[in-house]
Every structure is written in structure tokens, then in C-alpha cells.
Ligand code: F6P
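In my numbering, the protein residues as written are 3 to 461.
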């Protein structure tokens, strides 16, 4: 029997293409005459029995507030996940879904969301439409989940480590080649690098630019388009001696240097460069901060003031080396064409999967040399390790050149299909026509939350 009403939620950190994914799903549901209920604020909207929801397609017409060109998510997001061990809470979630008349659920999210979806999928049909700027949802190759080992710490908690896996991979083996949100994040970061570069050049400085990505270095790698001198990724321990040597060479050659780092970079003992007195978000993820500052302090000590004074540039190393964090601009705002197009396709495909009763499936993007990108699917079970955990994908080392501390040749081959046509003419038109709209000076920002609020319903 086909479903007549499905639910959709967005969980985890927002990305620029969430509305595009929702829009793709709603458009497909309209064709199939299925109602789509938006759950407000991710899984927390299911955990709270009184939380409201909204109908995204009354009479199978998409509500006008849903704009695929707009960043963020009109249904809100949160980092709360459902704990299956809390039996009462868990029962309340499935009961709430049934009381709303929802027959299947689309979760739009990344690795946290897919893990959160696992227990629900045992009682309720669910599929995942992927999103993440970190590009860490998926596998470098299909056997990867079996390479995880686990040990128990003294406090009883489990520690998961990955064995050294395969040295080489092919592009068509990558499970979920790229995720909506990633291209736009790189688009923003690359522009930041290009802009910071000219200041570094003019003022003879060394710039350290920190980008997001947690433990995955995909955003840092994509920043190669901004032509930084070096890229440091969390997957490869930072060799400070080698880094210092390269900085000295480059600075003598060009009187400036730009280093891009992922926020999760680690030293050779596996310690985070960033804030070690870490705090955690509700999903248990470490909130990372301070990696660029830490690296700056290392370079200030190693190079010393004399390095710059002897070259008649700057009074101190502290003045000559500066840090910039690209921060949340990577995650927000208007998505570029690659993200919009594939977000919508993956969202639409998620509806088809749900209606075909492919429970616990993920709508994914595949790449093959002959045909380019294709929307496909995989069973979420294939991503789980022996203990049922889905780990965030890290950058496969064949994409990184450790000697040059930069993108490798295979890394270039990996990025090209994503970025060759990632920006469309309409993205350029947007800049031309809308950035300096005179109306922006006179009218205040109209938050979408206000309009959406008028549509919400309570059980
Ligand atoms: O997972 C997406 C991400 O943007 C990471 O790259 C980053 O570490 C984190 O979320 C930041 O989270 P928040 O917005 O909650 O500070």
C-alpha cells in the first residue's frame, strides 16, 4: 500500500542546501500526491510531544516560503538525537509519528543523523537524504566499515580506531561521492583565501586560515582552488619541523605565505591543535576552536622576531603572522548550483525510496567516468561497522600529498567533477542583481521564521 503522508526533518548543523533538498522531496511528493509534514527542529520536534509541525504541500502545492535558493532550513534544525536506551522517550517518538498520521520519515542530515535514524528504522520506515558541509557522510570504498576496531577504556567507554586500509581507490568506488552543502562551503572558503592572500602579499605577512570540517579535511582540500601555499588536514599529523622549513623557504621567495588548516588538525601524538578543554554539543561532538591560534603560537616561537627583523619586515613574529577563521559563513546563505541541483535530486529520490519501502536506505550521489554523477541509493547497514556505528568519512590519503602538504594528483581528479561546473550563470546573476539592492537599505530583514510560524499546527 502506498504512503499518503510522510514526514521530513532536518537534523545537525545547517547547510546552504537544506531547503533545496526539502523542495526536491516536496516536488516529488506533489507528483505522487503524498502529503509532506515538516517536523520542526529535527529530532527534538519528535521528542517533544507538544512540538508543532507544518504541512509543506497543502493540496499538493508547495508552500511559497520553501525557496530552494535560500540557505538554512525553514523547518529548523537541532543537534538532538533520540536515545533508544530511553525506552519511554523512544516509544513516545513512534507514537507521535503515528498520531500525526505519518507513514514514513525522511531525515535530512549527516553522520550524526544517520546514526540517530538507525534505532527508529527498526520500528518505523525511514530514509536519509544527505547533507553536510564536511562531506564526511559515506565511504571511500565499500569495505571500509570492516576496518574499524574497538577497545574499551578504563572508564568503560569504547574507543574506535581504523586500521590502515587500502592505499589506492577509484572514483567510482566512493560511496556518496559528494554531499550537498560541501560545494557551497568550499566556494565561500576559497573566496576568503583569495581575499586574505592579497593582504598577506601587500603587508608581507603569513596568514593561517582555519576552515570547518571537524575531523575531516574535505573542506581544507577543496580550498586548493584558492591556491594556498600549504594545506593541513586533520587526517595527517602536522609535522611542525617540515612546516617551519616550508614556511621559511616560501617567505624568503615570495614575502608572504598562506596556510589553510582544518579545524580538527592534530599533532604527532594525536592531540587536537585546538581547544583541549573541549566542550561538547548535545550529540556528543567536540566543539573545536583555536587550531589556527595554536599553530600561530608554534610558528611565532619557532621563527622568532629575528626572522622578520633581519628581513626588515615587521617588528615581531606576532605581528607578521595572523589568523582568520572562515567560520559559519561557510555554512550559511545561498547555495551554489551544484548543491541546489543535487540536493533537490537526492531529496526527490528519498521520496521514491520511502515509497518503494526501502527502509533505512540512503539517497546517494555516485560518480562514474563515463556517465558523470548519478543519483542512487545504498542500505545504511552497509555503512555500519561490526558494532553498528556509522563513522564519519575521512579524507582518503591518496587525495593528499604529505610531502608538499597539499592536494595530490588524485585529489585533483576527485575535486574536478564536483567543481568544474559548480557555479551556474544564475549564481553570477545573483551577485550582479541582488547584492546591492537599494531596497535592502530601507527595508528590514524579513525572517522566514515569522511566515512559517503562521502555518504551524499542533497535534
Ligand atoms: O558539522 C558541521 C560543522 O559546521 C562542523 O564543520 C563544525 O565543527 C561544526 O558544525 C560547528 O558547529 P556549531 O555550528 O554547532 O558550532
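Cβ atoms here follow ideal geometry from the backbone N, Cα and C, with glycine treated the same way.
Measuring C-alpha to C-alpha distances from residue 163 to each of 445, 438, 391 and 144 identifies 391 as the nearest.
Contact between the stretch 439–453 and the stretch 209–218 is absent, with fewer than three C-beta pairs closer than 8 Å. Its Cα nearest to that of residue 172, the residue 399 stands out among 186, 399 and 456. Between residue 238 and residue 404, the C-beta gap is smaller than 8 Å, which places the two residues in contact.
Not one heavy atom of the ligand F6P sits closer than 7 Å to the Cβ of residue 360. Excluding its 5 nearest sequence neighbours in each direction, residue 62 has C-beta neighbours in its own chain below 6 Å: 32 and 35, listed in chain order. Taken in chain order, the whole beta strand (DSSP E) runs of length 3 or more contained in the stretch 197–229 are 208–213. One thing to note: residue 51 has its Cβ within 8 Å of the Cβ of residue 98. For residue 107, the beta-bridge partners assigned by DSSP are 9 and 128.
Between residue 459 and the set 56, 367 and 144, the nearest pair of CA atoms involves 56. Within the same chain, and ignoring the five residues on either side of residue 307 in sequence, the residues whose Cβ sits closer than 6 Å to its Cβ are 318 and 319. Here residue 82 really is in contact with residue 44; their C-beta atoms are around 6 Å apart, less than 8 Å. Counting only runs of at least 3 residues, the stretch 4–84 fully encloses the following beta strand (DSSP E) elements, listed from N- to C-terminal order: 7–12, 37–41 and 55–57. Contact annotation, residue 59 with residue 28: C-beta distance approximately 5 Å; criterion of less than 8 Å satisfied.
In the structure shown, the three-state DSSP call for residue 342 is helix. In the displayed model, residue 92 falls within a helix according to three-state DSSP.
In terms of Cβ geometry, residue 344 and residue 309 do not form a close pair [threshold 8 Å].
Approximately 30 Å separates the beta-carbon atoms of residue 87 and residue 135; this is outside 8 Å, ruling out the contact. With a beta-carbon spacing of about 17 Å, residue 226 and residue 265 fall beyond the 8 Å limit used to define contacts. Annotation for residue 366 indicates a beta carbon at 7 Å or more from all heavy atoms of the ligand F6P. Within its own chain, the residues whose Cβ lies closer than 7 Å to the Cβ of residue 203, once the five positions on either side in sequence are excluded, are 258, listed in chain order. Using a cutoff of 7 Å, the CB of residue 73 does not count as near the ligand F6P, since none of the ligand's heavy atoms is closer than that. Residue pairing of residue 310 in beta bridges, as defined by DSSP: absent, with no partner found. For residue 354, the distance from the CB to the nearest heavy atom of the ligand F6P is not below 7 Å. Just measuring C-alpha positions, the residue of 10, 120, 15 and 397 sitting nearest residue 146 is 397. The beta carbon of residue 349 lies closer than 6 Å to those of 23, 26, 27 and 131 in the same chain, with the five residues before and after it left out. Between the C-alpha atoms of residue 207 and residue 200 there is a straight-line separation of about 10 Å.
With contacts defined by Cβ atoms closer than 8 Å, residue 5 and residue 105 form a contacting pair. Rounded to the nearest angstrom, the gap between the Cα atoms of residue 232 and residue 249 is 9 Å. Contact between residue 127 and residue 356 holds, since their C-beta atoms are separated by about 6 Å, short of 8 Å.
The C-beta distance from residue 371 to residue 174 rounds to 7 Å, short enough to meet the 8 Å contact threshold. Assignment of beta-bridge partners to residue 271 by DSSP yields no partner. By the Cβ neighbour-count rule, residue 41 is buried, with 16 or more other Cβ atoms within 10 Å of its own. When the Cα atoms are used, residue 440 and residue 428 turn out to be separated by approximately 20 Å.
Under DSSP, residue 263 takes part in a beta bridge, and its partners are 212 and 234. Taking 8 Å as the cut-off, the beta carbon of residue 360 is found no closer than this to the beta carbon of residue 378.
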